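Only one structure is covered here, and it is reproduced in the block below.
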Amino acid sequence: MREIQVPVLIVGGGGCGLSTFIFLSSLGIESLLVERHQRPSPMPKARGLNRRTLEVLRQHGLEDELRDGAMPGGYASKIRWMTSLGGDGPIDRKTLYELESFGGGSLSAEYEAGSPFGKILMYPQVRLEPYLRGRGEAMGVGQMRFDTELLELSQDSNEVRALIRDRATDEKTLVRARYLVAADAGRTVGPIVGSRLQGTAILKEMITVYFRADLEQYFDDDQLSTTIFVNPEGDTAFWGSGALGKIGPPYDRTCREWLLHSSVRAGDPEKFDDATLTARIRELLKIPDLAVELLGSAPWTGQGLLAERYRFGRVFLAGDSAHRHPPATGLGLNSGIQDAHNLAWKLALVLKGQAGDSLLDSYESERRPVAQRNVRWALFAFSNAQLTGPAMGIIPGNPEESRANFQALLADDDEGRARRTRLEHVMLVNRTEFQANDLEIGFWYEQGALIADGTPAPPRDPLGLHYMPTTRPGHRLPHAWIGRQGAIVSTLDLVAPGRLVLLVGQPGSPWIAAAGEAGRALGVDLDAIAVGDRGAVIDRDHAWRRQREIGDAGAILVRPDQHVAWRTAQADADPAAMLKQVLATILGR
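Residue numbering for the sequence shown is 761 to 1349, as defined by the working numbering.
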């Protein structure tokens, strides 16, 4: 049997596993990725890459190609609730409510102030995963093996030993790795190491249908991302509602590819039947003669689960192996890619001998609390339908009374106006899902590879809408547009993959020479950059000064993942000694 050695073994080739491979490759770390499926999933799965994920991918040079293949955020700026697209009844084709989403409309200014990305990009996994796979293979660092499964796994204090099998040839290989990243959605590695996922295992039985159809004549707005149907006709407990999302291209109202999420009865024997699904699409949209080409369908269960632990010796759980979310707020794929970003730079520094193994413990202490909040938030947002349906007048299992409520809601009289006003107030709760600005970019790490400075965290918006920038240790470096070598860049762009950055107020700061000395002493890549009124990097309009929270004599140490590790508001008598101590503490040296 063949035997190979590799620094990192990645099990799972979805969005999280592929991102881990790319991030490690960009840091010069070879890894072997194994994925039991030969080809990526044919289903769209997640659609939206939120702004923090886009910042991460931008750092690794993927932005331009992503923009070329993604739906621009302007085409995903609204959510609409309707009774149906077709039909000629008194309550058909009615818009019940419309909400700005993902940085569109009046949200633009606040979203653009917080990130170099003012909006999300819609890039469904059915296209994202092939792109990431191609990008990873082209990097020429490490290897990917698809149609290859993990059979056995063991570890000791020195290495992980994994037996893998090529499913096409039945050839088996023993892989010896320093570390293993489990990105297989908990299917194989988790049970072997004894991981337990806790939380809400079954929230709702759902099905997603991926199809092609011409719906252009039924839409009047190019900016709609998702149309949510609430209709008292038919079965008000199940197929009376659903969410229709654009996949594209094209991305305006001429879109031809769509996905439709809807709940189903547990154990429904017809829910996988193509003919039945086609009939249900026509029924829900109320377009009985719609030409539908089914591209795929998949059942799924709404879950809110979190692993008790993220680290098992030399094995690390990431993505769906560590946490599972309902799709509300779009936190699943995004959290997985951000897991990979957090873990990759730490693995790289440890494998290069620039950090101690204890640095890897901070992966769990940092990412697990974020995932816990994301899971709870997704469950909270997913439950909004339990409020909005009744507010519109849906009574599960009672279509007659539901129809009467809808007629009253749409009536041009005092009762109708009162019902619509109440509905507007209730529907505002959906901002927690579609305007979750702070959830995207405002998360922080309270304990981990950082040195707290004793300052309190800024107050957090309980609805997740408004982000408060800060350079407090553990928080993501605030974004501000600055000038560098004649170009306009973000402060986030000052942090190159795998490198720490010390930001100071003006050229000539004693901290600059100290950074060079400390970096050489500890053998780590540490850049010192002055962002001020003069020099190579200019603070345009003092946008950075208003956010940095330190004076010109201070300094801010930023980690390779763009989170602040340490800061000081003042000078130090021996800045080099101070920085050496700070770096040694953060890196577990």
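From the three backbone atoms N, C-alpha and C, an ideal C-beta is built for every residue, glycine too.
Because the structure is a prediction, the values reported are computed rather than measured.
When the five nearest sequence neighbours on each side are left out, the beta carbons in the same chain lying within less than 7 Å of the beta carbon of Val1249 are those of Ile1242, in order along the chain. Rounded to whole angstroms, the gap between the alpha carbons of Leu1139 and Leu1199 is 14 Å. Per DSSP, the beta-bridge partners of Val768 are Ser791, Tyr939. DSSP places Tyr970 within a strand segment (E or B) once states are collapsed to three. Per DSSP, Trp1137 is one residue of the alpha helix (DSSP H) stretching across 1121 to 1142. Boundaries of the alpha helix (DSSP H) around Thr1038: 1034 to 1045.
Annotation: Arg927 to Gln1195 spans about 44 Å, alpha carbon to alpha carbon. In the three-state reduction of the DSSP assignment, Gly1311 falls in the coil class, being assigned neither a helical nor a strand state.
Rounded to whole angstroms, the separation of the alpha carbons of Ala1168 and Arg812 is 43 Å. In this structure, the beta-carbon distance from Leu892 to Gly1056 does not fall below 8 Å. The straight-line gap separating the alpha-carbon atoms of Leu1054 and Pro802 is approximately 12 Å.
The three-state reading of DSSP puts Val1255 in coil, since its state is none of H, G, I, E or B. For the options Pro1335, Thr933, Pro1222, the alpha carbon positioned closest to that of Leu1262 is the one of Pro1335.
The C-alpha of Asp982 lies about 38 Å from the C-alpha of Pro1129. Contact annotation, Gln1307 with Ala1247: C-beta distance approximately 20 Å; criterion of less than 8 Å not satisfied.
Beyond the five residues adjoining it in sequence on each side, Ala1104 comes within less than 7 Å, by CB distance, of Thr780, Phe783, Leu784, Leu787 in the same chain, given in chain order. Assignment of Met1187 by DSSP, reduced to helix, strand and coil, places it in the helix class. Contact between Tyr835 and Tyr970 does not hold, since their C-beta atoms are separated by about 18 Å, which reaches or exceeds 8 Å.
Note on geometry: alpha-carbon atoms of Ser985 and Phe1076 lie some 35 Å from one another.
Ranked by Cα distance from Asp916, the first of Tyr857, Phe1072, Gly902 is Phe1072.
Collapsing the DSSP output to three states places Val1024 in coil. Residue pairing of Thr1328 in beta bridges, as defined by DSSP: Ala1315. Collapsing the DSSP output to three states places Thr813 in a helix.
The Cβ-Cβ distance between Ala937 and Val768 falls below 8 Å. With a minimum length of 4 residues, the unbroken runs of alpha helix (DSSP H) contained wholly in the region 912 to 960 fall at 949 to 953. The region 1167 to 1227 is shown to contain whole alpha helix (DSSP H) runs of 4 or more residues at 1174 to 1187, 1191 to 1194, 1197 to 1201, in chain order. Using a 10 angstroms sphere on the CB of Leu911, the tally of other CB atoms stays under 16, which defines it as exposed. Contact between Lys932 and Leu940 is ruled out by a C-beta separation of about 17 Å, above the 8 Å threshold.
Counting the other Cβ atoms within 10 Å of the Cβ of Ile764 gives fewer than 16, which makes it exposed. Assignment of Thr1231 by DSSP, reduced to helix, strand and coil, places it in the coil class. Between Glu1124 and Tyr1070 a beta carbon distance of about 4 Å is seen, short of the 8 Å cut, so the two are scored as contacting. Counted as a single uninterrupted DSSP element, the stretch harbouring Gln1245 is not any alpha helix (DSSP H), since DSSP gives it neither H nor E. Listed in chain order, the non-local C-beta contacts of Ala1151 below 6 Å within the same chain comprise Leu1183, Val1186, local neighbours out to five positions each way being set aside.
The Cβ atoms of Arg1232 and Thr1215 sit closer than 8 Å to each other. Around the beta carbon of Leu1188, fewer than 16 other beta carbons lie within 10 angstroms, which makes this residue exposed. Within a 10 Å sphere around the beta-carbon of Gly849 sit fewer than 16 other beta-carbons, which makes this residue exposed.
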